[in-house]
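> As numbered in the working numbering, residues 5 to 393 make up the sequence shown, in order.
Where is the CB? At the ideal position from N, CA and C, for every residue including glycine.
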Amino acid sequence: MKKLRWAIDGELWELDASTPRTLEGAARAVPGKALPLGLSRGTKLFRPNQIDFMQRFMAAPFLPSYTHHLGVTIQRVLSIPVSENWSALLLGQFNLRKFLSSLKENGGGDGVRKRDLKSIGKLFLDKSLYALGFSSEVLLTPDDTLLLSSDSYYAHNSSSIPRKKVVFRHKFPHHNLTVDAAWPALFVDKETGTYWDVPFSMAIDLASLPLDSGLSYHLCLHHNHGSPKQFQGDPIAQVPASLFPGVSAKCAFSYEKNVDIWRSKAQKLKMVQPYDIFLSDPHVSASGTIGATQLAQDLLNSHQPSPEAVKMICPTTSLSLQQQIAGPFSFRVDSGVVIDFKDKGWHIQADQPVFAIEYALQVLCSAKTVAWYSPKHQEFMVELRFFES
């Protein structure tokens with residue numbers, strides 16, 4: 005059921021996408037363009053907290069990631085003890101591909117064999133190999149959380165722009181309030197796979213708590229300031245109209261109904277803990293969701309409605325296939341399905357497939373480590389996710 009809910013949320017709302025292009029590990033979807041299911045679903049900790057968890061409880065010395073522009077990078081965090089209600093983490097990133105390239109260029113064809121330890125040590129002093137991030141989370145009250153983060157990049161390219169972000173969350177009895185501001189803010193365009201930096205972006209988000217059945221709604225006030233610039237890539241793509249400076253207000257509502265067709269009444273095995281507690285009860289269910297959105301924007305450089313905007317009312321299809329390999333390991337493929345209307349044959353093709361290997365963390369009842377790869381974005385990442393079943 006959650007897979008269907010995430011697919012619907014992606015169509016009605018802009019979800020965050022996982023990406024290894026920044027230390028934060030996330031990018032916002034361009035308004036009006038839903039992200040692939042494999043990149044935007046699931047409850048996830050903030051990126052530094054994920055790495056800290058894997059270092060502490062999974063004996064992972066570091067986490068690797070890959071992007072087409074940066075190559076292979078490895079990350080590690082250092083926990084700074086402050087107090088019970090205040091945590092701070094220092095995240096470091098090392099560009100392994102650039103280091104090996106420098107080692108090969110300076111040492112000729114033999115590489116390491118022609119170098120001594122002192123000359124190799126000098127390569128580690130190159131600041132362009134590193135990126136540093138600091139994050140701090142403060143529990144103001146049992147219902148209020150404040151998150152502060154700042155990232156610094158030493159590479160001499162577009163990713164060297166320092167990034168700062170502030171997020172405030174408040175829990176109401178039946179709603180969640182989120183206020184966040186980022187400068188610059190990273191957005192990703194689903195259609196082209198292009199990333200965009202907006203100099204300043206702020207959003208106030210009020211959402212009702214998700215229900216198994218019933219009415220849900222979402223309200224958001226969003227403000228962009230400054231001219232968007234393409235992030236990591238040749239500046240040839242057209243800027244999406246929704247990223248231009250201005251203020252937008254958006255509301256979305258949906259009604260969902262779940263029905264159990266069959267549910268097993270067999271008793272569970274005693275002293276046997278399932279890999280995922282939500283998959284331990286065999287059942288067949290049906291779910292239906294209907295929803296709508298209303299968007300009003302005041303853009304500095306407004307554009308006429310394009311044919312792409314008409315596609316927003318067309319139905320979309322997402323597939324998620326999962327197969328257990330052995331024990332806690334499983335393989336999953338998430339993909340959209342689109343019809344090419346420009347082709348006379350109306351050929352059906354996969355849209356942005358995402359391949360993943362999952363390892364179930366049996367102790368946490370419904371949590372898993374996910375290593376995924378996106379061929380279109382040419383990105384690889386290892387994440388910790390909760391309650392995806």
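Is it a yes or a no for the region 149 to 158 touching the region 206 to 217, going by three-plus beta-carbon pairs under 8 Å?
These segments do not touch.
> Using beta-carbon positions only, say whether PRO166 and VAL202 come within less than 8 Å of one another.
Cβ distance not < 8 Å, so PRO166 and VAL202 don't count as in contact.
> Please state whether DSSP places ALA245 in a helix, a strand or coil.
DSSP places ALA245 in helix when its eight states are reduced to three.
> Helix, strand or coil, according to DSSP, for PHE384 in the structure here?
Correct three-state label for PHE384: strand.
> Determine, using beta-carbon pairs with one atom in the region 142 to 149 and one in the region 97 to 106, whether at least three such pairs fall under 8 Å.
Contact fails: fewer than three Cβ-Cβ distances are below 8 Å.
> By the DSSP assignment, the beta strand (DSSP E) with GLN59 in it spans what residues?
Here GLN59 belongs to no beta strand (DSSP E); instead the alpha helix (DSSP H) covers 51 to 61.
> Assuming LEU67 and ILE55 are in contact, meaning their beta carbons sit under 8 Å apart, how far apart are those beta carbons, in whole angstroms?
Sure, about 5 Å apart at Cβ, within 8 Å.
> Assuming GLY340 contacts GLN356 under a Cβ cut-off of 8 Å, what Cβ separation, rounded to an integer in Å, is found between them?
The Cβ separation is near 6 Å, so the contact holds.
> Give every residue of the same chain whose Cβ lies closer than 6 Å to the Cβ of VAL183, excluding the five residues on either side of it in the sequence, and list them in chain order.
Excluding sequence neighbours, VAL183 sits near PHE172 and ILE208.
> Assign ARG389 to buried or exposed, taking buried as 16 or more other Cβ atoms, counted over all protein chains shown, within 10 Å of its Cβ.
Classification of ARG389: buried, given that the 10 Å Cβ count is 16 or more.
> For HIS381, tell me which candidate among LEU365, ALA63, GLU387 and PHE359 has the shortest Cα-Cα distance.
Here the closest residue by C-alpha is PHE359.
> Once DSSP output is grouped into helix, strand and coil, what is the label at ILE124?
DSSP places ILE124 in helix when its eight states are reduced to three.
> So, under 8 Å CB-CB, LEU247 and VAL34 are touching, yes? Tell me the CB distance rounded to an integer number of Å.
At roughly 6 Å, the Cβ-Cβ gap stays under 8 Å, so LEU247 and VAL34 are in contact.
> Relative to the C-alpha of GLU383, which candidate in VAL243, GLY197 and CYS369 has its C-alpha closest?
Checking every option, the nearest Cα to that of GLU383 belongs to GLY197.
> If contacts are defined as beta-carbon pairs under 8 Å, then GLU434 and SER322 qualify, I think. What distance do you get, rounded to the angstrom?
Given a span of 5 to 393 for the chain in the structure shown, any question on residue 434 remains unanswerable.
> According to DSSP, GLU362 sits in a beta bridge with which residue or residues?
According to DSSP, which records beta bridges pairwise, GLU362 is partnered with SER334 and VAL374.
> Is the beta carbon of PHE138 less than 8 Å from the beta carbon of LEU94?
Yes.
> Hey, how far is the Cα of PRO52 from the Cα of PHE103?
Cα to Cα, the separation comes out at about 23 Å.
> Short of 6 Å in beta carbon distance, which residues of its chain neighbour LEU82, apart from the five on each side in sequence? Order them along the chain.
Closer than 6 Å at the Cβ level, and outside the excluded window around LEU82, lie LEU94.
> If you run the structure through DSSP and keep just helix, strand and coil, what is GLU109?
Reduced to three states, the DSSP call for GLU109 is helix.
> Name the residue from CYS255, SER87 and ALA135 whose alpha carbon lies nearest to the alpha carbon of SER220.
It is CYS255.
> Kindly indicate the opening and closing residues of the beta strand (DSSP E) around SER140.
From DSSP, the beta strand (DSSP E) with SER140 extends over 134 to 145.
> What does the Cβ neighbour count give for ALA313, buried or exposed, with the cut at 16 atoms within 10 Å?
A caution first: ALA313 carries a pLDDT of 49, below 50, which makes its placement in the model too unreliable to give a value.
> Which residue marks the beginning of the beta strand (DSSP E) containing CYS369, and which one marks its end?
Note, CYS369: premise wrong, no beta strand (DSSP E); not H, not E.
> Could you pull the start and end residues of the beta strand (DSSP E) that GLY230 belongs to?
Counting along the chain, GLY230 falls outside any beta strand (DSSP E), and DSSP gives it neither H nor E.
> Whole angstroms is fine: what's the gap from SER22's alpha carbon to VAL386's?
Distance between the alpha carbons of SER22 and VAL386 is about 10 Å.
> Could you check if ALA330 is buried or exposed, using at least 16 other CB atoms within 10 Å of its CB as the buried criterion?
So ALA330 ends up on the exposed side.
> Among the residues of its own chain, which have a CB less than 6 Å from the CB of GLU141, if the five just before and after it don't count?
These residues qualify, in order along the chain: SER91 and LEU151.
> Determine whether the beta carbon atoms of LEU127 and SER106 lie at a separation below 8 Å.
Yes; because the gap between Cβ atoms is below 8 Å, this pair is in contact.
> With 16 as the cutoff for other CB atoms within 10 Å, does ALA364 come out buried or exposed?
Label assigned to ALA364: buried.
> Please report how far the alpha carbon of LYS269 lies from the alpha carbon of ASP285, in whole angstroms.
So the alpha carbons of these two residues sit roughly 9 Å apart.
> Taking Cβ positions, are VAL243 and TRP200 nearer each other than 8 Å?
Cβ atoms of VAL243 and TRP200: closer than 8 Å.
> Spatial neighbours of ASN89 within its chain, please: C-beta separation below 7 Å, excluding the five flanking residues on both sides.
VAL142 and LEU143, listed in sequence order.
> Do ARG32 and PHE191 have their beta-carbon atoms positioned less than 8 Å apart in this structure?
A contact, by the Cβ cut-off of 8 Å.
> Tell me the DSSP secondary structure of LYS131 in three-state form.
If DSSP states are grouped into helix, strand and coil, LYS131 belongs with the helices.
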